[in-house]
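Peer 1: Next up is a structure, given as structure tokens.
Numbering (full-length UniProt numbering), first residue to last: 1 to 187.
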């Protein structure tokens, strides 16, 4: 059954000047007319998408492949979001204030106020259950569901990029024999 997934693909652009309008046009010509394109940081372009499909990881990788072909030669996939998220990110998606989340039991941050998306989803789902003697949380889980559904796949794709299991330039899986052996520093 097809579901909608909401995610952001962040691409590193090759060196040089890149026209923001040309980048937006490339995204739209790749078939993503409803995408939000961010060009605020030099050398990067972020593309926020809502795409329908059966499997979040497949949807993410297919979108990345389509975009990498449309963007300037030498562009590489840098990151997929949501992976690590802030309380403010989650609160915005749930249509609540950050303080509403701070009042609930939340997982420990992994880095500087950032949380793993899957741990946040579990905490939000637990917080949304009615509890005796407590007011029910007024979180709009339906509004965040497309984003939450993409989270685990985003984490997995980022891990595969880090482990060189996915080529960031072609978005194709690398056979194990072609991957570099890990380098370990020895004292």
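Heads up, the beta-carbon is just placed ideally off N, CA and C, and yes, glycines get one too.
Assuming residue 36 is part of the beta strand (DSSP E), what are its boundary residues?
Peer 2: For this step, residue 36 is matched to residue 36 along the chain shown. Segment 36-38, the beta strand (DSSP E) holding residue 36.
Peer 1: Apart from the five residues on each side of it in sequence, which residues of its chain come closer than 8 Å, Cβ to Cβ, to residue 158?
Peer 2: Residue 158 sits at position 158 when you count from the first residue of the chain shown. Only 79, 80, 83 meet the Cβ criterion.
Peer 1: Rounded to the nearest angstrom, how far is the Cβ of residue 56 from that of residue 21, given a contact under 8 Å?
Peer 2: For the purposes of this step, residue 56 is identified with residue 56 of the chain shown, where counting begins at 1. For the purposes of this step, residue 21 is identified with residue 21 of the chain shown, where counting begins at 1. Residue 56 to residue 21, Cβ: 30 Å. No contact.
Peer 1: Evaluate residue 8 with the Cβ neighbour count: other Cβ atoms within 10 Å of its Cβ, from every protein chain shown; 16 or more gives buried, anything less gives exposed.
Peer 2: Walking along the chain shown from the start, residue 8 turns up at place 8. Answer is buried; the Cβ neighbour count reaches 16.
Peer 1: With 16 other CB atoms within 10 Å as the buried threshold, where does residue 136 fall?
Peer 2: Indexing the chain shown from 1 puts residue 136 at position 136. Exposed.
Peer 1: If you drop the 5 nearest sequence neighbours on each side, which residues of the same chain put their C-beta closer than 8 Å to that of residue 114?
Peer 2: On the chain shown, position 114 is the one that residue 114 refers to. The residues are 84, 85, 86.
Peer 1: What would DSSP say about residue 173, mapped onto helix, strand or coil?
Peer 2: Position 173 of the chain shown holds residue 173. It is a strand residue.
Peer 1: On the three-state DSSP scale, how would you describe residue 137?
Peer 2: Translated into positions along the chain shown, residue 137 becomes position 137. Looking at residue 137 - three-state DSSP - the assignment turns out to be coil, as it is neither helix nor strand.
Peer 1: Compute the Euclidean distance between the alpha carbons of residue 161 and residue 102, then round it to the nearest angstrom.
Peer 2: Indexing the chain shown from 1 puts residue 161 at position 161. Indexing the chain shown from 1 puts residue 102 at position 102. Rounded to whole angstroms, residue 161 to residue 102 spans 32 Å at the Cα level.
Peer 1: Using a Cβ-Cβ cutoff of less than 7 Å, which residues in the same chain neighbour residue 147 once the five nearest sequence positions on both sides are dropped?
Peer 2: Counting from one through the chain shown, the residue named residue 147 turns up at place 147. Once the five neighbours on either side are set aside, the close Cβ partners of residue 147 are 6, 82, 93.
Peer 1: What ranges does the alpha helix (DSSP H) occupy inside the stretch 33-119, keeping only unbroken runs of at least 4 residues that lie completely in it?
Peer 2: With a minimum length of 4 residues, the continuous alpha helix (DSSP H) runs that stay inside the stretch 33-119 are 56-70, 87-94, 98-102.
Peer 1: How far does the beta strand (DSSP E) with residue 17 in it extend, from its first residue to its last?
Peer 2: Taking the first residue of the chain shown as 1, we reach residue 17 at position 17. First-last for residue 17: undefined, no H or E at that position.
Peer 1: Would the stretch 30-39 count as touching the stretch 48-66 if we require 3 or more Cβ pairs under 8 Å?
Peer 2: Contact holds: three or more Cβ-Cβ distances are below 8 Å.
Peer 1: Apply the 10 Å Cβ neighbour rule to residue 43 and answer buried if 16 or more other Cβ atoms are within range, or exposed otherwise.
Peer 2: Counting from 1 along the chain shown, the entry for residue 43 is found at position 43. Exposed, because fewer than 16 other Cβ atoms sit within 10 Å of the Cβ of residue 43.
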